[in-house]
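K.L.:
One structure follows; several queries about it will come next.
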Amino acid sequence: MTFYQEIINKIKPETEKAISFLDRELAKIRTSRVNPSLVEDVVVDCFGQKFPLKQLAAISTPGPKQILIQPWDKSYMEGIVAALERTGIGANPIVDKDIIRITLPPLTEEYRKNLLRIVSEKQEETRKTIRHWRDEAWKEIQEGEKEGKIREDDKFRGKDELQKLVDEYSEKIEKMGEGKKKEIME
Numbered sequence: 477m478t479f480y481q482e483i484i485n486k487i488k489p490e491t492e493k494a495i496s497f498l499d500r501e502l503a504k505i506r507t508s509r510v511n512p513s514l515v516e517d518v519v520v521d522c523f524g525q526k527f528p529l530k531q532l533a534a535i536s537t538p539g540p541k542q543i544l545i546q547p548w549d550k551s552y553m554e555g556i557v558a559a560l561e562r563t564g565i566g567a568n569p570i571v572d573k574d575i576i577r578i579t580l581p582p583l584t585e586e587y588r589k590n591l592l593r594i595v596s597e598k599q600e601e602t603r604k605t606i607r608h609w610r611d612e613a614w615k616e617i618q619e620g621e622k623e624g625k626i627r628e629d630d631k632f633r634g635k636d637e638l639q640k641l642v643d644e645y646s647e648k649i650e651k652m653g654e655g656k657k658k659e660i661m662e
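First residue of the sequence shown? That's 477 in the numbering used here, and the numbers climb one at a time after it.
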């Protein structure tokens, strides 16, 4: 394995993390169908500690517009409701005995446009992260050439490999965003 390939392999886990992060962030964006990921990471204050909702309750989606939350213990109810009211998902939680129901209204055109903007922002954040790692690797490759660890032609091969990697991830980011945008507009 050449010097530049080692450097590129070193940044691959970081670029994969960026893609995974984008995937999780896009899952949290509401579309025409509800998804437990909309609320599962909502932080709930419970007995002076903070927990993600998924650790305190079962979350299900019995219909395309409804989320059911069943706390493991009734004492969690108040904290969960308060946390859900702070989220801004566009619906208020309704307590029905030992279950919390959230029925989401249909998406308005304005709300859809806002969601599309958010998807684009998330895509751009991820692209910036990928470019950051590309720049770090390129800097390291250039330093390697200055120190005599790599020949000049290998330096440029490394630059080409880096660009291929960035292009590959840019395509993934684009596909992920387009898929989410299509879901929002359905």
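Note that beta-carbon positions come from the ideal geometry of N, C-alpha and C, so glycine has one too.
Just so it is clear, the structure is predicted and the values come from calculations on it, not from any experiment.
Would you kindly report the start and end of the unbroken alpha helix (DSSP H) that includes Leu641?
P.N.:
Along the sequence shown, read from residue 1 onward, the residue named residue 641 stands at position 165. Counting along the chain, the alpha helix (DSSP H) containing Leu641 begins and ends at 628 to 661.
K.L.:
What span of residues does the alpha helix (DSSP H) with Asp549 cover, start to end?
P.N.:
Residue 549 sits at position 73 when you count from the first residue of the sequence shown. Asp549 -> no alpha helix (DSSP H), and no H or E assigned at all.
K.L.:
Within its chain, find whatever has a CB closer than 7 Å to the CB of Thr579; leave out the 5 residues flanking it on each side and keep chain order.
P.N.:
Residue numbering aside, residue 579 sits at position 103 when the sequence shown is read from its first letter. Within the same chain, Thr579 has close Cβ partners Lys541, Gln542, Ala567.
K.L.:
Go ahead and pull the three-state DSSP assignment for Pro489.
P.N.:
Counting from 1 along the sequence shown, the entry for residue 489 is found at position 13. Three-state DSSP puts Pro489 in a helix.
K.L.:
Let me confirm a value: Trp609 is counted as buried when at least 16 other C-beta atoms fall within 10 Å, else exposed. Which label applies?
P.N.:
Stepping through the sequence shown from its first residue, residue 609 is reached at position 133. Trp609 is buried by the Cβ-count criterion.
K.L.:
Let's test the definition: count the other Cβ atoms within 10 Å of the Cβ of Ile701 and tell me whether it reaches 16, buried, or not, exposed.
P.N.:
With the chain represented from 477 up to 662, any question about residue 701 goes unanswered, as that position is not in the structure.
K.L.:
The alpha helix (DSSP H) that contains Ile606, what's its start and end?
P.N.:
Residue numbering aside, residue 606 sits at position 130 when the sequence shown is read from its first letter. Unbroken alpha helix (DSSP H) run through Ile606: 585 to 622.
K.L.:
Can we say the segment 508 to 523 touches the segment 623 to 639, given the rule of at least three CB pairs closer than 8 Å?
P.N.:
Short answer: they don't touch.
K.L.:
With Asp572 as the anchor, note down where its beta strand (DSSP E) starts and where it stops.
P.N.:
Numbered from its first residue, the sequence shown carries residue 572 at position 96. Residues 570 to 572.
K.L.:
To the nearest whole angstrom, what separates the beta carbons of Ile545 and Ile576, a pair I think is in contact under 8 Å?
P.N.:
Taking the first residue of the sequence shown as position 1, residue 545 is located at position 69. Taking the first residue of the sequence shown as position 1, residue 576 is located at position 100. A Cβ-Cβ separation of about 4 Å places Ile545 in contact with Ile576 under the 8 Å criterion.
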